[in-house]
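**Student:** Submitted below is the structure of interest, expressed as structure tokens.
Number of protein chains: 2
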Amino acid sequence: MLSFTEENYLKALVQLTIFESVEEVGVNKLASNLEVKPATVSDMVRKLKEKSFVNYEKYGKISLTESGRLEGMMVIRRHRLWETFLYSKLDFSWDEVHELAEELEHVHSKKLINRLDEFLDFPAFDPHGDAIPSAEGEIKIPFRKTLAEIDLNHRHKVIAVNDISSEFLQYLDRIGLGIGDELVVSNKEEFDELTTVEVGGKSMVISPKLAENIYVICSKCNKAKCDCN
Amino acid sequence: MLSFTEENYLKALVQLTIFESVEEVGVNKLASNLEVKPATVSDMVRKLKEKSFVNYEKYGKISLTESGRLEGMMVIRRHRLWETFLYSKLDFSWDEVHELAEELEHVHSKKLINRLDEFLDFPAFDPHGDAIPSAEGEIKIPFRKTLAEIDLNHRHKVIAVNDISSEFLQYLDRIGLGIGDELVVSNKEEFDELTTVEVGGKSMVISPKLAENIYVICSKCNKAKCDCN
DNA sequence: TATAAAAGTTAGGTTAGTCTAACAAAATGT
DNA sequence: ACATTTTGTTAGACTAACCTAACTTTTATA
Numbered sequence: 001m002l003s004f005t006e007e008n009y010l011k012a013l014v015q016l017t018i019f020e021s022v023e024e025v026g027v028n029k030l031a032s033n034l035e036v037k038p039a040t041v042s043d044m045v046r047k048l049k050e051k052s053f054v055n056y057e058k059y060g061k062i063s064l065t066e067s068g069r070l071e072g073m074m075v076i077r078r079h080r081l082w083e084t085f086l087y088s089k090l091d092f093s094w095d096e097v098h099e100l101a102e103e104l105e106h107v108h109s110k111k112l113i114n115r116l117d118e119f120l121d122f123p124a125f126d127p128h129g130d131a132i133p134s135a136e137g138e139i140k141i142p143f144r145k146t147l148a149e150i151d152l153n154h155r156h157k158v159i160a161v162n163d164i165s166s167e168f169l170q171y172l173d174r175i176g177l178g179i180g181d182e183l184v185v186s187n188k189e190e191f192d193e194l195t196t197v198e199v200g201g202k203s204m205v206i207s208p209k210l211a212e213n214i215y216v217i218c219s220k221c222n223k224a225k226c227d228c229n
Numbered sequence: 230m231l232s233f234t235e236e237n238y239l240k241a242l243v244q245l246t247i248f249e250s251v252e253e254v255g256v257n258k259l260a261s262n263l264e265v266k267p268a269t270v271s272d273m274v275r276k277l278k279e280k281s282f283v284n285y286e287k288y289g290k291i292s293l294t295e296s297g298r299l300e301g302m303m304v305i306r307r308h309r310l311w312e313t314f315l316y317s318k319l320d321f322s323w324d325e326v327h328e329l330a331e332e333l334e335h336v337h338s339k340k341l342i343n344r345l346d347e348f349l350d351f352p353a354f355d356p357h358g359d360a361i362p363s364a365e366g367e368i369k370i371p372f373r374k375t376l377a378e379i380d381l382n383h384r385h386k387v388i389a390v391n392d393i394s395s396e397f398l399q400y401l402d403r404i405g406l407g408i409g410d411e412l413v414v415s416n417k418e419e420f421d422e423l424t425t426v427e428v429g430g431k432s433m434v435i436s437p438k439l440a441e442n443i444y445v446i447c448s449k450c451n452k453a454k455c456d457c458n
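Read top to bottom, the protein sequences are chains A and B.
If you read the first sequence in the numbering used here, its first letter stands for residue 1, the second for the next number, and so on.
If you read the second sequence in the numbering used here, its first letter stands for residue 230, the second for the next number, and so on.
This is how it looks when you write it as structure tokens:
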């Protein structure tokens, strides 16, 4: 059985490779993601290689094996299902669920997590709009665009956010933007890169930093790689 | 914040003292309860004393301080609420919930556990019939009698079991006895101590060992220390 | 292409929680 | 009341996960 720590390493590796569409990642990057020192990662990666969860050669890059990918995906599945539970059954807010799920995700029971999935009626997305991996470790990552990338006057829907820090989520709540909201970009200012969006009949101005952290899909096609324009 | 291990020590201490109505417990007994060696307990108890969770002097007995009692109770509260959740919301059976709750009980969030309590509609008892401590660490331990102790022809209700091993629970299921069942003892055989009980119109013979592990209360008074006979 | 910077490794140390083995204190039983 | 058994302690060692400091390899750049 994997330790708490090993699971966190595999989860981070899934996030840094699969979710970023890259094959491999370096020791330093993984270390800073996990908030430990590179020396610690060096050791741990050797251990994970012994257990066949990663491919690795000294001074090389780290990539996940199939079993490593699966284990990492399972942690993310558990995390996102618990988040959904906390949000939809226990009335926690959008920005509170992440921390709690960090603890709950380490409870190992396939049966528990599958029952939870059923209890929640097989949700496809968590409260942040991220897709929940299936029991087989499959995930449909929608090809997402950020609010910064989309065309003017084209209806889009907010489906996820990139930065899940609670300050960020609280900021979104404060300005009145949330998952599921429909919007159109009515103006993009060349000079200072400010984006004006119309949402729910109101107009708001959004900074480039914020726009880059909000994922949207085309409302018409229901995908990001939209072909309707 | 308490570690996983420290919490388990405090939980065990509550079980071995408060739930047994004794003041204090020895190192060996605690060690065997936790399935570690006495040497390990010796060390750990020193640490818990430093943190003011227990009273202890070298070669003496261990007792809980008020804060130790409270922390231990909170672990038990979490354990029993999670058991109730698994049983009543996720359809786990009586004998499966214990193990899973052993992991879930270590998720620390007062808010989570209070929300869960509310979601479950403030249950008073867990699926094994044990009382759930309040958020303040209070527990009403019903003065329970075992099936071995009650009078003939006096209606009682099964409220809890002492041995929560899954073999025991499965055995109960198999013979068709469960929490909440109403029964009367129709005969107690002096010679071999076999007890005959009538439950749901059927008659069954119960060994002394089994009878000692089943807690009942008087159906009429709704307490064990019943005054109606 | 030589060298500086960045990335990664190794050696040795720390802490929490466990162990075994040897010892010390307390309780028990003639 | 003394010997034996039970109970508890101490010392020394191990593992997992972390650290720092010093070193080595790779990469990038002048």
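From the three backbone atoms N, C-alpha and C, an ideal C-beta is built for every residue, glycine too.
Please give me, in chain order, every unbroken run of the beta strand (DSSP E) with length at least 3 that falls completely inside the segment 329-417 of chain B.
**Tutor:** Runs found: 385-390, 411-417.
**Student:** By the 10 Å Cβ neighbour count, where 16 or more other Cβ atoms means buried, how is residue 248(B) classified, buried or exposed?
**Tutor:** So residue 248(B) ends up on the exposed side.
**Student:** Taking Cβ positions only, does residue 93(A) come closer than 8 Å to chain B?
**Tutor:** Closer than 8 Å: no.
**Student:** Do residue 97(A) and residue 11(A) have their C-beta atoms within less than 8 Å of each other?
**Tutor:** No, they are not a contact pair.
**Student:** Quick check on residue 1(A): does DSSP put it in helix, strand or coil?
**Tutor:** Coil.
**Student:** On a CA-only basis, which of 346(B), 293(B), 299(B), 270(B) is nearest residue 311(B)? Give me that one, please.
**Tutor:** Cα-wise, what sits closest to residue 311(B) is 346(B).
**Student:** Here's the rule: buried if 16 or more other CB atoms are within 10 angstroms of the residue's CB, otherwise exposed. What is residue 140(A)?
**Tutor:** Classification of residue 140(A): exposed, given that the 10 Å Cβ count is below 16.
**Student:** Comparing C-alpha positions only, which one of 430(B), 339(B), 417(B) sits nearest to residue 300(B)?
**Tutor:** With distances taken between Cα atoms, residue 300(B) lies closest to 339(B).
**Student:** What residues in its chain sit with their C-beta under 8 Å from that of residue 407(B), if we drop five residues either side in the sequence?
**Tutor:** Result list for residue 407(B): 323, 387, 401, in chain order.
**Student:** Assuming residue 305(B) is part of the alpha helix (DSSP H), what are its boundary residues?
**Tutor:** 295-317 is the span of the alpha helix (DSSP H), which, as asked, contains residue 305(B).
**Student:** Give, in chain order, every residue of the segment 330-350 of chain B whose Cβ lies closer than 9 Å to some Cβ of chain A.
**Tutor:** Listed in sequence order: 332, 333, 335, 336, 337, 338, 340, 341, 344, 345, 347, 348.
**Student:** Counting Cβ pairs closer than 8 Å, one from the segment 128-139 of chain A and one from the segment 192-209 of chain A, do we hit at least three?
**Tutor:** Touching, no, given that fewer than three Cβ pairs across the two stretches are closer than 8 Å.
**Student:** Could you tell me if residue 145(A) is buried or exposed, where buried requires 16 or more neighbouring beta carbons within 10 angstroms of its beta carbon?
**Tutor:** Classification of residue 145(A): buried, given that the 10 Å Cβ count is 16 or more.
**Student:** What in chain B is Cβ-close to residue 89(A), meaning under 8 Å?
**Tutor:** 348, listed in chain order.
**Student:** In whole angstroms, what separates the C-alpha of residue 162(A) from that of residue 134(A)?
**Tutor:** Computed Cα separation, rounded: 21 Å.
**Student:** Given this structure, state the Cα-to-Cα distance separating residue 266(B) from residue 442(B), to the nearest angstrom.
**Tutor:** Cα to Cα, the separation comes out at about 27 Å.
**Student:** Going by alpha carbons, who is nearest to residue 379(B) out of 350(B), 242(B), 414(B)?
**Tutor:** Ranking 350(B), 242(B), 414(B) by Cα distance to residue 379(B) puts 414(B) first.
**Student:** Measuring alpha carbon to alpha carbon, tell me which residue in 377(B), 381(B), 263(B), 382(B) is nearest residue 438(B).
**Tutor:** Ranking the options by Cα distance to residue 438(B), first place goes to 377(B).
**Student:** Would you check if the distance between the CB atom of residue 64(A) and the CB atom of residue 14(A) is smaller than 8 Å?
**Tutor:** Yes, Cβ-Cβ distance for residue 64(A) and residue 14(A) is below 8 Å.
**Student:** Determine the extent of the alpha helix (DSSP H) in which residue 47(A) is found, giving its start and end residues.
**Tutor:** Residue 47(A) -> alpha helix (DSSP H) spans 38-50.
**Student:** If you draw a straight line from the alpha carbon of residue 56(A) to that of residue 17(A), how long is it in whole angstroms?
**Tutor:** So the alpha carbons of these two residues sit roughly 14 Å apart.
**Student:** Could you spell out the range, first to last residue, of the alpha helix (DSSP H) harbouring residue 27(A)?
**Tutor:** It spans 27-34 - the alpha helix (DSSP H) in which residue 27(A) sits, taken as one unbroken run.
**Student:** Do residue 6(A) and residue 336(B) have their beta-carbon atoms positioned less than 8 Å apart in this structure?
**Tutor:** Not in contact: residue 336(B) and residue 6(A) (Cβ atoms no closer than 8 Å).
**Student:** Quick check on residue 307(B): buried or exposed, where buried means 16 or more other Cβ atoms within 10 Å of its Cβ?
**Tutor:** Buried: at least 16 other Cβ atoms inside 10 Å.
**Student:** Short of 6 Å in beta carbon distance, which residues of its chain neighbour residue 152(A), apart from the five on each side in sequence? Order them along the chain.
**Tutor:** So the list reads 185, once near-sequence residues are dropped.
**Student:** On a Cα-Cα basis, can you pick out the residue from 268(B), 434(B), 274(B) that is closest to residue 422(B)?
**Tutor:** The option with the nearest alpha carbon to residue 422(B) is 434(B).
**Student:** Does DSSP put residue 205(A) in a helix, in a strand, or in coil?
**Tutor:** Three-state DSSP puts residue 205(A) in a strand.
**Student:** With distance defined between alpha-carbon atoms, name the residue in 207(A), 73(A), 32(A) nearest to residue 136(A).
**Tutor:** The candidate whose alpha carbon is nearest that of residue 136(A) is 73(A).
**Student:** Compute the Euclidean distance between the alpha carbons of residue 8(A) and residue 1(A), then round it to the nearest angstrom.
**Tutor:** Rounded to whole angstroms, residue 8(A) to residue 1(A) spans 13 Å at the Cα level.
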